[in-house]
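Please read the structure below before turning to the comments.
Numbering (UniProt numbering), first residue to last: 1 to 428.
In structure tokens, the structure reads:
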């Protein structure tokens, strides 16, 4: 269908917002600038707002170890309005709801807002560097497309607000913190934000699919657990009295090797990865400390439990071998969920009417993990329908790569697909 001037302007604004979010990325639980900017826009549109500090309970916020005051100051220094940063009450994330005043379904959509912990490429071949919206925050980069997700969410929210008289029920926008490391989805789910939802939609761009392709849903997400492990031994002179030491490095190294020797489960795929191992203070010092960051994955809750339990056994055994103490801390977790056929059909029907869409498929196999699955499962367990939409976007490099960038032509496609879905789900 031909786009109106209003829609064309909205698409241009969507690109501008995406580039602004890209320039100022924020890692999980630090997204104060993003939350404040989004809240300011949603408030102007007439949405009822609830901030992360209003609904996220500290005990549900996995892997949250930040200097809150410092991150709030940084957000203000980078252009966020101080009053809006203050309204977060020290915790990022936002729920924004528009009540149409007419009986009808509750539709919720999840848009993740955090970035990846990596430095962004600076060479001229990288479009964000060439056009001036490369990340200004060292070690942080929107290398997974969440800047695009946030921009799409705001554009859809504008459309809904402008056409409020055409809808019934309630439409809720969930701007989720800390998706990377699967930390924020559980916290938002435990806050009760999904308990009354009839229809739920999450969306992700890229995923190895070119611009113009839309998947109405996904299946095959892996359950996952993210774990930090700290070994504590005892330092000693490596030449003079090594017998007085307890080698934490060797304990960690033994654990790392044997974690990758855990046998696969016979009922489905498992994954384990030791991503970080840090230890050692000097060539002549028995290492007193070591730290590992690992992840486990499994096709189902039971399979994940199998590989997680085996991992704990290996870690504790390695610590015992070298007479070290060990602390195991869960930093993130996600379950699995498959998309429901009825809402998948709604997405596919909407996508077929969108300019620029060339291929529409019902479902895409996912081999990774996403904590939107907590939200999907909560909705499904209460009788609702949920889906995770795959939005094709040609990318310059793989997700989480320092040269990651996506074709911005996917943004209007994602926007129009979601608007079309909302018209079908909530239209009067």
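The beta carbon of each residue, even a glycine, is placed where N, CA and C say it ideally should be.
Tell me which residues share the same chain as residue i and place their Cβ nearer than 6 Å to its Cβ, disregarding the 5 neighbours each side in the sequence.
i	result
residue 167	100, 426
residue 280	249, 287
residue 96	42, 47, 49, 173
residue 213	359, 392
residue 75	32, 33, 85
residue 124	130
residue 178	28, 29, 114, 184
residue 55	191
residue 66	29, 30
residue 135	25, 120, 141
residue 127	405
residue 19	133
residue 53	88, 89, 90, 91
residue 342	385
Pop quiz: residue i and residue j are said to be a contact at Cβ under 8 Å. What is the actual Cβ separation, rounded to whole angstroms?
i	j	result
residue 251	residue 351	Going by Cβ atoms, the distance from residue 251 to residue 351 rounds to 52 Å, so no, they are not a contact pair.
residue 288	residue 234	6 Å
residue 88	residue 221	Actually they do not touch by this definition, with Cβ atoms about 29 Å apart.
residue 387	residue 339	4 Å
residue 347	residue 379	At roughly 15 Å, the Cβ-Cβ gap does not stay under 8 Å, so residue 347 and residue 379 are not in contact.
residue 406	residue 282	That pair is no contact at about 45 Å.
residue 298	residue 265	7 Å
residue 262	residue 311	7 Å
residue 415	residue 14	6 Å
residue 22	residue 147	4 Å
residue 294	residue 270	With 8 Å as the limit, residue 294 and residue 270 do not qualify as a contact, their Cβ atoms being about 13 Å apart.
residue 328	residue 227	6 Å
residue 424	residue 370	24 Å between Cβ atoms; not a contact.
residue 403	residue 409	In fact, because the Cβ distance is near 19 Å, the residues do not count as touching under 8 Å.
Report the residue from the options whose alpha carbon sits nearest the alpha carbon of residue i.
i	options	result
residue 43	54, 94, 14	94
residue 429	297, 116, 103, 18	Residue numbering for the chain in the displayed model covers 1 to 428; residue 429 lies beyond these limits and cannot be assessed.
residue 170	184, 177, 198, 314	198
residue 382	131, 223, 189, 185	189
residue 290	123, 297, 322	322
residue 121	112, 132, 113, 255	132
residue 257	243, 123, 276, 363	276
residue 239	231, 207, 284	284
residue 181	74, 154, 296, 157	296
residue 308	354, 260, 341	260
residue 315	146, 292, 410	292
residue 90	226, 68, 312	68
residue 377	356, 193, 420	193
residue 418	29, 362, 160	160
residue 36	353, 78, 11	78
residue 237	332, 246, 229, 416	246
residue 10	105, 356, 151	151
residue 366	412, 163, 204, 353	204
residue 224	310, 272, 102, 218	272
residue 332	187, 262, 208	187
residue 395	144, 370, 349	144
residue 232	278, 341, 364	278
residue 355	364, 82, 412	412
residue 83	51, 58, 102	51
residue 45	230, 17, 229, 98	98
residue 149	17, 229, 343	17
For residue i, report the span of its beta strand (DSSP E) as first-last.
i	result
residue 234	Element bounds for residue 234: n/a, residue is neither H nor E.
residue 204	199-205
residue 99	94-99
residue 48	48-51
residue 421	Counting along the chain, residue 421 falls outside any beta strand (DSSP E), though it belongs to the alpha helix (DSSP H) covering 410-426.
residue 389	385-391
residue 109	106-112
residue 214	213-219
Among the residues of its own chain, which have a CB less than 7 Å from the CB of residue i, if the five just before and after it don't count?
i	result
residue 110	174, 176, 202, 372, 375
residue 384	197, 198, 199, 200
residue 104	168, 169, 426
residue 81	36, 40
residue 108	172, 174, 194, 197, 200
residue 112	146, 149, 176, 179
Tell me the residue span of the alpha helix (DSSP H) that contains residue i.
i	result
residue 14	5-23
residue 32	32-44
residue 189	184-190
residue 116	It is not in any alpha helix (DSSP H) - residue 116 carries neither H nor E in the DSSP assignment.
residue 78	Premise fails: residue 78 is in no alpha helix (DSSP H) and is neither H nor E.
residue 372	372-381
residue 254	248-259
So, at 8 Å on beta carbons, what are the nonlocal neighbours of residue i in its own chain, with the 5 sequence-adjacent residues on each side left out?
i	result
residue 345	216, 362
residue 268	298, 299, 300, 303
Please indicate yes or no: does the CB of residue i lie closer than 7 Å to some heavy atom of the ligand NAD?
i	result
residue 291	Ligands in the displayed structure: none, and consequently the ligand NAD is not present.
Quick one: which unbroken alpha helix (DSSP H) runs of 4-plus residues sit fully inside the segment 277-363? Chain order, please. 301-321, 341-351
Report the start-end ranges of each alpha helix (DSSP H) in the segment 118-179 that is 4 residues or longer and not cut off at the edges. 127-130, 146-162
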